[in-house]
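Each remark here refers to the structure printed beneath this line.
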Amino acid sequence: MRVVMNLCAALLLTAACVPEGQAADMVDATKPDRLVSVIQKLGYRAQLDKDDVGDPMIRSSVGGTDFAILFYGCHEKRHNRCDFLLFSVGYDLDPGVELETVNAWNAKQLVGRAYRDDENDPWLEMPMVLKAGMSRKNFESAFEWWEASVAAFEDHIGL
Numbered sequence: 001m002r003v004v005m006n007l008c009a010a011l012l013l014t015a016a017c018v019p020e021g022q023a024a025d026m027v028d029a030t031k032p033d034r035l036v037s038v039i040q041k042l043g044y045r046a047q048l049d050k051d052d053v054g055d056p057m058i059r060s061s062v063g064g065t066d067f068a069i070l071f072y073g074c075h076e077k078r079h080n081r082c083d084f085l086l087f088s089v090g091y092d093l094d095p096g097v098e099l100e101t102v103n104a105w106n107a108k109q110l111v112g113r114a115y116r117d118d119e120n121d122p123w124l125e126m127p128m129v130l131k132a133g134m135s136r137k138n139f140e141s142a143f144e145w146w147e148a149s150v151a152a153f154e155d156h157i158g159l
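Position 138 of the sequence shown, counting from 1, maps to 138 under our numbering, and the rest follow consecutively.
See the structure below:
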């Protein structure tokens with residue numbers, strides 16, 4: 001037992017040392033298809049795709065709003081072993097939103113950063129570090145926070 005614990009300490013408690021039952025409950029950005037499955041089991045649409053540089057991307061929807069989950073920190077040539085996710089949604093509004101609207105959101109909200117693109121259209125994003133993985137329950141909770149943030153942001157920008 002002591003040898004196993006020393007080995008785990010030496011490996012910095014990586015997934016190799018996670019007890020067998022718990023490893024199945026972990027998610028990370030290295031297995032996009034697993035994240036698609038988790039999202040679908042939550043009752044949402046999720047489809048695996050690729051972005052413009054060939055990295056994985058998940059297309060999904062909450063509350064009738066389409067959004068993307070982009071993968072970052074991926075192996076440059078193989079486009080796998082990614083470290084980060086970015087939940088992202090943009091709105092094509094005419095004439096866009098005022099900077100004060102975006103600043104007011106960012107000043108009061110904990111989850112979801114907002115900005116305007118070059119056409120003053122509002123965007124909402126939520127980064128997630130998954131380099132070391134996280135429990136499925138934590139990912140599900142973060143997804144629920146994202147859904148709530150999208151709804152609140154849409155109210156904030158008048159949709």
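Where a beta carbon is used, it is the ideal one built from N, C-alpha and C, also for glycine. Just so it is clear, the structure is predicted and the values come from calculations on it, not from any experiment.
Put residue i into one of helix, strand or coil per three-state DSSP.
{"i": "Q109", "result": "coil"}
{"i": "V62", "result": "strand"}
{"i": "A114", "result": "strand"}
{"i": "K50", "result": "strand"}
{"i": "G21", "result": "Model confidence at G21 stands at a pLDDT of 47, short of 50, so the residue's coordinates are unreliable and nothing is read from them."}
{"i": "V89", "result": "strand"}
{"i": "E147", "result": "helix"}
{"i": "V27", "result": "strand"}
{"i": "P127", "result": "strand"}
{"i": "A68", "result": "strand"}
{"i": "P95", "result": "coil"}
Smallest Cα separation from residue i: which of the options?
{"i": "L70", "options": "D51, Q47, R81 and S61", "result": "D51"}
{"i": "F87", "options": "A104, K131, G54 and S149", "result": "S149"}
{"i": "R45", "options": "E125, G158, V62 and A29", "result": "V62"}
{"i": "V129", "options": "W123, N138 and V53", "result": "N138"}
{"i": "G73", "options": "P127, L99 and L159", "result": "P127"}
{"i": "K168", "options": "C82, T30, F153 and D94", "result": "With the chain covering 1 to 159 only, the question about residue 168 has no answer from this structure."}
{"i": "L99", "options": "W123, A29 and T30", "result": "W123"}
Rounding to the nearest angstrom, what Cα-Cα distance links residue i and residue j in this structure?
{"i": "F67", "j": "D118", "result": "19 Å"}
{"i": "R116", "j": "M134", "result": "30 Å"}
{"i": "H156", "j": "S141", "result": "22 Å"}
{"i": "V97", "j": "N120", "result": "6 Å"}
{"i": "Y91", "j": "D33", "result": "27 Å"}
{"i": "K131", "j": "L42", "result": "22 Å"}
{"i": "L110", "j": "V53", "result": "30 Å"}
{"i": "G21", "j": "D83", "result": "Annotation note: pLDDT 47 at G21 (below 50); position unreliable, coordinate value reported separately. Near 23 Å, if we compare the C-alpha coordinates of D83 and G21."}
{"i": "P56", "j": "A104", "result": "32 Å"}
On the premise that residue j lies in contact with residue i, defined as a C-beta separation below 8 Å, what is that separation, rounded to the nearest angstrom?
{"i": "R136", "j": "D25", "result": "5 Å"}
{"i": "R59", "j": "Q47", "result": "5 Å"}
Determine the burial state of residue i: buried for a count of at least 16 other Cβ atoms within 10 Å of its Cβ, exposed for fewer.
{"i": "E147", "result": "buried"}
{"i": "E144", "result": "exposed"}
{"i": "L35", "result": "buried"}
{"i": "G112", "result": "buried"}
{"i": "A114", "result": "buried"}
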